[in-house]
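Residue 1 is where the sequence shown starts when you use UniProt numbering, and the numbers rise one by one after that. The C-beta atom is built at its ideal place from N, Cα and C for all residues, glycine as well. These figures come from a predicted structure and were not determined experimentally. Below is one structure, written out as structure tokens; comments come after it.
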Amino acid sequence: IINHLFIGSEGTLGFVSEIVYNTVEDVPHKGCGLMFFSTLNDASLAVVALANMGREKVVAAEMMDYQSLKAVQTLENVPDFVREVPEGTSAILFQTESYSK
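Here it is, written out as structure tokens:
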């Protein structure tokens, strides 16, 4: 029972006896893309365009500013084109998925 206890703010003590959660369906066909932009403003405009396409086209998108790109440049297995982006570059990593090819 000790493993199922939790302590919250203001001394709240709780016990977890049962958990029910829903998951999203795992769609069989997925694809990811990485788009680069000269400025953060251009990337922002692209995010709006992707959002307007609807969730049936783009299911997830992550915008990265230059500092985010710079932070991963020294990591192992990062492609050279990410290591060589000019200062001020932004990017959007996006995912699409479908039940058919």
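query                                                                         : result
Integer-rounded CB distance, given that Val47 should sit under 8 Å from Met63 : 6 Å
Leu75 - DSSP class collapsed to helix/strand/coil                             : coil
Whether Phe36 touches Ser90 by CB criterion (9 Å)                             : yes
Secondary structure of Ser17, DSSP reduced to three states                    : coil
Residue(s) in a DSSP beta bridge with Thr96                                   : Gly31
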